[in-house]
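Worksheet: the structure to be examined is printed underneath.
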Amino acid sequence: MPKKCVRMNDAIRKEARRLQKELTEHSYQYHVLDDPLISDSEYDDMLKKLIEIEENFPEFSSPDSPTKRVGAPPLTGFQQALHSIPMLSLDNAFKDEDVLDFHKRIVKNLNREDILYTIEPKLDGVAVELKYENGILVQAITRGDAITGEVVTQNVRTIRSVPLKLHGDKRKMPSLLEVRGEVIIRLPDFLQLNKIRLEQGETIFANPRNAAAGSLRQLDSKITATRPLDIFVYGTGLVEGISFQSQAQMLLALKKFGFPVNPHILPGVTIGSVLKFYKELEALREDLAYEIDGMVIKVDDIFFQRQLGEKIKSPRWAIAYKFAAMQKTTLIKDIIVQVGRTGVITPVAILEPVNIGGAMVSRATLHNEDEIKRKDIRIGDIALVMRAGDVIPKVVKIIESRRKGDEVPFEMPGHCPVCHSKIEKIKLDKSNINKCVNTSCQAQLKQRIRHFVSKKAFDIDGLGNKIVDQLVDEGMLLSFADVFSLEKEKLALLDRLAQKSAFNLIQAIEKSKIISLRRFVYALGIDHTGENAAKLISEQFSNLSDIMETSEERLIQINGIGPETASSVCRFFSNFENQMNIKNIIAQGVILTNDQPIIIESFENIFNNKRIVLTGTLQSMTRSEAKKILENLGADITSSISSKTDFLIAGEQAGSKLEKAEKAGVQILDETRFTAMLKDYL
Ligand code: IVH
Numbered sequence: 032m033p034k035k036c037v038r039m040n041d042a043i044r045k046e047a048r049r050l051q052k053e054l055t056e057h058s059y060q061y062h063v064l065d066d067p068l069i070s071d072s073e074y075d076d077m078l079k080k081l082i083e084i085e086e087n088f089p090e091f092s093s094p095d096s097p098t099k100r101v102g103a104p105p106l107t108g109f110q111q112a113l114h115s116i117p118m119l120s121l122d123n124a125f126k127d128e129d130v131l132d133f134h135k136r137i138v139k140n141l142n143r144e145d146i147l148y149t150i151e152p153k154l155d156g157v158a159v160e161l162k163y164e165n166g167i168l169v170q171a172i173t174r175g176d177a178i179t180g181e182v183v184t185q186n187v188r189t190i191r192s193v194p195l196k197l198h199g200d201k202r203k204m205p206s207l208l209e210v211r212g213e214v215i216i217r218l219p220d221f222l223q224l225n226k227i228r229l230e231q232g233e234t235i236f237a238n239p240r241n242a243a244a245g246s247l248r249q250l251d252s253k254i255t256a257t258r259p260l261d262i263f264v265y266g267t268g269l270v271e272g273i274s275f276q277s278q279a280q281m282l283l284a285l286k287k288f289g290f291p292v293n294p295h296i297l298p299g300v301t302i303g304s305v306l307k308f309y310k311e312l313e314a315l316r317e318d319l320a321y322e323i324d325g326m327v328i329k330v331d332d333i334f335f336q337r338q339l340g341e342k343i344k345s346p347r348w349a350i351a352y353k354f355a356a357m358q359k360t361t362l363i364k365d366i367i368v369q370v371g372r373t374g375v376i377t378p379v380a381i382l383e384p385v386n387i388g389g390a391m392v393s394r395a396t397l398h399n400e401d402e403i404k405r406k407d408i409r410i411g412d413i414a415l416v417m418r419a420g421d422v423i424p425k426v427v428k429i430i431e432s433r434r435k436g437d438e439v440p441f442e443m444p445g446h447c448p449v450c451h452s453k454i455e456k457i458k459l460d461k462s463n464i465n466k467c468v469n470t471s472c473q474a475q476l477k478q479r480i481r482h483f484v485s486k487k488a489f490d491i492d493g494l495g496n497k498i499v500d501q502l503v504d505e506g507m508l509l510s511f512a513d514v515f516s517l518e519k520e521k522l523a524l525l526d527r528l529a530q531k532s533a534f535n536l537i538q539a540i541e542k543s544k545i546i547s548l549r550r551f552v553y554a555l556g557i558d559h560t561g562e563n564a565a566k567l568i569s570e571q572f573s574n575l576s577d578i579m580e581t582s583e584e585r586l587i588q589i590n591g592i593g594p595e596t597a598s599s600v601c602r603f604f605s606n607f608e609n610q611m612n613i614k615n616i617i618a619q620g621v622i623l624t625n626d627q628p629i630i631i632e633s634f635e636n637i638f639n640n641k642r643i644v645l646t647g648t649l650q651s652m653t654r655s656e657a658k659k660i661l662e663n664l665g666a667d668i669t670s671s672i673s674s675k676t677d678f679l680i681a682g683e684q685a686g687s688k689l690e691k692a693e694k695a696g697v698q699i700l701d702e703t704r705f706t707a708m709l710k711d712y713l
């Protein structure tokens with residue numbers, strides 16, 4: 032090869048290496064640390080460049096190149112591979128007593144009392160084993176029958192949070208590291224995935240675990256690459272060239288190697304704390320964005336683990352303390368219909384009440400008539416009902432084998448159960464919806480006002496659903512604006528309200544009158560305009576009049592706003608009745624802020640002029656969003672803790688900054704406290 036060519040090739044190789052390195056780092060920042068340093072489009076541009084180079088110069092590609100994340104040519108079947116060490120399962124505990132028995136057995140076996148445990152959430156996903164040779168991911172196997180699993184390497188490479196190469200000093204890489212973990216899909220991603228599948232006429236997944244399993248077992252890894260898979264690792268298989276003394280130390284090492292390790296882990300605690308933490312984790316379960324079905328209790332000391340050993344199917348040193356199931360079967364006693372705020376009729380299953388994961392469930396949504404037909408749900412059926420987080424319970428499927436033959440198919444009523452107007456069938460995209468088209472329907476009005484005063488809208492404390500319903504029934508609430516002219520004396524006459532509560536309610540109404548533009552737009556309950564769309568739109572306009580006068584074309588240009596939202600926003604604001612409603616609300620003294628500092632600073636705010644450091648991962652917003660909000664409130668955001676720092680806002684996985692702040696006596700706000708404090712100003 033001529034010298035010039037060699038030099039050019041060298042430059043291309045260097046460029047490929049640079050892109051591979053930078054893309055790997057950015058992917059880790061985004062998917063593991065949840066703290067992106069560049070925009071999505073910058074990332075995509077770099078990736079495109081790298082793909083081009085690797086296509087022309089395959090010799091510059093490598094098994095750990097980020098290009099491997101987009102999928103590989105489809106397989107005709109999965110190969111099988113043996114696990115170096117069997118992937119055992121866990122014995123289950125269902126009550127404290129079972130855990131105490133487990134502890135007693137360990138104390139007896141080891142002949143010592145001072146046993147410490149590391150406890151972890153039991154993730155409800157799909158187990159995999161990832162094999163790294165000299166720091167490079169070379170194989171991924173499913174758990175299979177514990178001895179042999181299926182080789183799903185191409186699919187696992189598409190999971191963005193799985194490191195293709197371990198972090199750390201190349202010279203100190205273990206020659207072999209088998210890492211075990213659980214592949215999961217987060218609940219919001221799961222709902223979105225099912226929504227898309229439904230729109231495309233495909234069958235939907237019953238739960239995130241099934242969706243994760245189905246995605247991992249795709250022969251075409253390009254399909255897997257489109258699925259929102261994530262992972263948390265919790266253990267190792269065969270390891271050479273490194274050793275760990277304790278489970279906690281191992282998890283820390285895995286984190287340093289670049290793996291996502293669950294943040295809700297309690298390292299090295301006594302049996303008393305184990306039982307206490309179970310209750311805390313059970314409460315936390317509701318707020319987590321992914322499903323957990325229990326807590327895993329592991330003897331922390333690895334030497335003790337070896338001493339205790341394994342039974343045929345499970346280790347003696349670990350146990351799963353299960354939570355109550357989030358899916359249960361129960362009888363569908365009836366199917367009724369509910370009228371939503373836009374008149375959409377939703378069929379609802381009335382259930383024989385059943386305790387699902389600690390909450391009594393007596394209703395489940397059936398979404399629409401098509402869904403009932405698709406799932407062939409009938410009155411009298413025994414159905415599998417699922418509850419997840421704060422999502423409305425839903426019927427997953429009916430249990431056909433339990434049919435007796437006298438089940439009654441559901442029929443959509445011809446008239447609205449509340450205002451008795453005709454129900455119309457409307458075709459929307461690929462599904463049909465039934466709608467009560469009478470906009471003065473009492474049921475719609477109740478739902479609209481419930482939404483208007485709800486937490487993410489006007490957030491009026493004390494104006495719950497039942498009171499709204501009663502006020503509408505009494506004729507005291509005929510429109511949004513009426514909320515602001517409610518009088519204490521009249522309110523106190525209502526069945527449900529004592530004098531004191533009526534007074535508090537009036538105070539809350541007064542307080543709610545200063546509202547940000549985005550909350551206001553959301554409160555109006557415009558079709559297809561949820562919290563996010565309202566935020567995106569409000570950010571583009573400085574005041575409400577501009578939004579009211581804008582065009583569909585202008586709205587579609589906003590990143591994240593689709594044609595459906597754009598059209599319903601314009602339709603909403605061009606409707607005379609809606610315009611009058613808005614005018615009346617403003618006439619009641621409602622003041623709109625556009626999230627700009629000038630307005631916010633005009634009233635007292637605890638973050639003004641404060642020096643604040645942000646660390647860890649926040650659930651409700653990204654760090655950069657939190658930064659923007661705080662800066663708008665007049666705060667000075669700095670990156671390191673000093674004696675001058677006023678607050679440390681610590682999300683999940685907060686590390687050294689948290690320790691430093693504790694030492695320096697800086698006030699620490701966890702996410703719950705921080706968002707509660709913010710609520711006063713947004
Ligand atoms: S440890 C020998 N830790 O639960 C130790 N397993 O029934 C076995 N799982 O197949 C696993 N979260 O898929 C462990 N933090 C956790 C876990 C966990 C979920 C799953 C795993 C395993 C099953 C055991």
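Numbered per my numbering, the sequence shown spans residues 32 to 713.
All C-beta atoms, glycine included, are put in the ideal place defined by N, C-alpha and C.
Exercise for review: Confirm, please, whether the CB-CB distance from A177 to M118 is below 8 Å.
Suggested key: yes
Check your understanding: How do the region 482 to 501 and the region 536 to 544 stand: do at least 3 beta-carbon pairs fall below 8 Å, yes or no?
Key -> The region 482 to 501 and the region 536 to 544 touch, with no fewer than 3 CB-CB distances between them shorter than 8 Å.
Exercise for review: Return the chain-ordered list of same chain residues with a C-beta closer than 6 Å to the C-beta of W348, the five sequence neighbours on each side being excluded.
Suggested key: V330, Q336, L339
**Study point:** Check your reading: residues with Cβ closer than 6 Å to the ligand IVH heavy atoms
**Key:** Cβ atoms closer than 6 Å to the ligand IVH belong to L119, S120, L121, E151, K153, L154, A158, R174, E213, Y265, G266, V327, P346, A349, A351.
Check your understanding: Which partner residues of S547 appear in the DSSP bridge assignment?
Key -> T624
Check your understanding: Just reading off the beta strand (DSSP E) that N386 is part of, what are its end residues?
Key -> 376 to 387
Review point. With DSSP run on the structure shown, which of helix, strand or coil describes P89?
Key: helix
Review point. Is the region 244 to 254 touching the region 96 to 109, taking contact as three or more C-beta pairs under 8 Å?
Key: yes
Point to revise | Cβ-based burial, S673 [other Cβ within 10 Å; buried from 16] | key: Burial call: exposed.
Exercise for review: Give the C-beta separation of V159 and Y352 to the nearest angstrom, bearing in mind that I take them to be a contact with Cβ-Cβ under 8 Å.
Suggested key: The Cβ separation is near 23 Å, so there is no contact.
Exercise for review: Decide if V644 is buried, meaning its Cβ has at least 16 other Cβ atoms within 10 Å, or exposed.
Suggested key: By the 10 Å Cβ count, V644 comes out buried.
Review point. Enumerated in chain order, which unbroken segments of the beta strand (DSSP E) with a length of 3 residues or greater are wholly contained in the region 97 to 149?
Key: 111 to 113
**Study point:** Limits of the alpha helix (DSSP H) - the one that T596 falls within
**Key:** For T596, the uninterrupted alpha helix (DSSP H) run begins and ends at 594 to 605, by DSSP.
Review point. Using the rule of at least 16 other Cβ atoms within 10 Å of the residue's Cβ for burial, across every protein chain shown, is Q110 buried or exposed?
Key: Under this definition Q110 is an exposed residue.
Review point. Beta carbon of G289, beta carbon of V484: below 8 Å?
Key: no
**Study point:** Nearest residue (CA-CA) to N386, options K641, R240, T361
**Key:** T361
Point to revise | Where R211 falls, given that 16 or more other Cβ within 10 Å makes a residue buried | key: buried
Review point. Taking 7 Å as the cut-off, does the CB of I498 come closer than this to any heavy atom belonging to the ligand SAM?
Key: The ligand SAM is absent from the structure shown, which contains only the ligand IVH.
Check your understanding: Would a check of beta-carbon distances place N140 closer than 8 Å to chain C?
Key -> Among the chains in the structure shown there is no chain C, since it carries only a single protein chain.
Exercise for review: Could you spell out where the beta strand (DSSP E) holding S462 opens and where it closes?
Suggested key: Run containing S462: 462 to 467, per the beta strand (DSSP E) assignment.
Review point. On the three-pair Cβ rule with 8 Å, is the region 677 to 686 touching the region 644 to 656?
Key: yes
Exercise for review: Assign L343 to buried or exposed, taking buried as 16 or more other Cβ atoms, counted over all protein chains shown, within 10 Å of its Cβ.
Suggested key: The displayed chain sequence assigns Ile, not Leu, to residue 343. Counting Cβ neighbours within 10 Å, I343 comes out exposed, since fewer than 16 surround it.
Point to revise | For P152: DSSP bridge partner residues | key: M326
Practice item. Would you tell me roughly how many angstroms separate the C-alpha atoms of G411 and D365, rounded to the nearest one? Key: 7 Å
Point to revise | Length of the line joining the Cα atoms of T189 and S274 | key: 29 Å
Point to revise | Cβ contact check for the region 650 to 668 and the region 572 to 590: 3 or more pairs under 8 Å | key: no
Practice item. With A681 as the anchor, note down where its alpha helix (DSSP H) starts and where it stops. Key: No alpha helix (DSSP H) contains A681, which is instead part of the beta strand (DSSP E) from 678 to 681.
Review point. Which word fits H134, buried or exposed, when buried means at least 16 other C-beta atoms lie within 10 angstroms of its C-beta?
Key: H134 is classed as buried because its beta carbon has at least 16 other beta carbons within 10 Å across all chains shown.
Check your understanding: Less than 8 Å separating the beta-carbons of A10 and V368?
Key -> Residue 10 lies beyond the range of the chain shown here (32 to 713); nothing can be said about it.
Practice item. Please go through the same chain and pick out, in chain order, the residues whose beta-carbon is closer than 6 Å to the beta-carbon of Q627, but skip the five residues on each side of it. Key: Only weak support is given to the placement of Q627: the predicted model assigns it a pLDDT of 43, under 50, and the value that follows is read from those uncertain coordinates. Within the same chain, Q627 has no close Cβ partners at all.
Point to revise | Separation of K428 from I408, as counted between CA atoms | key: 8 Å
**Study point:** Segment contact flag, the region 464 to 479 with the region 499 to 518, C-beta cutoff 8 Å, min 3 pairs
**Key:** yes
Review point. Buried or exposed: T267, going by 16 or more other Cβ atoms within 10 Å of its Cβ?
Key: Counting Cβ neighbours within 10 Å, T267 comes out buried, since at least 16 surround it.
Exercise for review: Pick out whichever of L661, H57, V426 has its Cα sitting closest to the Cα of I235.
Suggested key: Out of L661, H57, V426, V426 has the C-alpha closest to the C-alpha of I235.
Point to revise | V416 beta carbon less than 8 Å from that of V392 | key: yes
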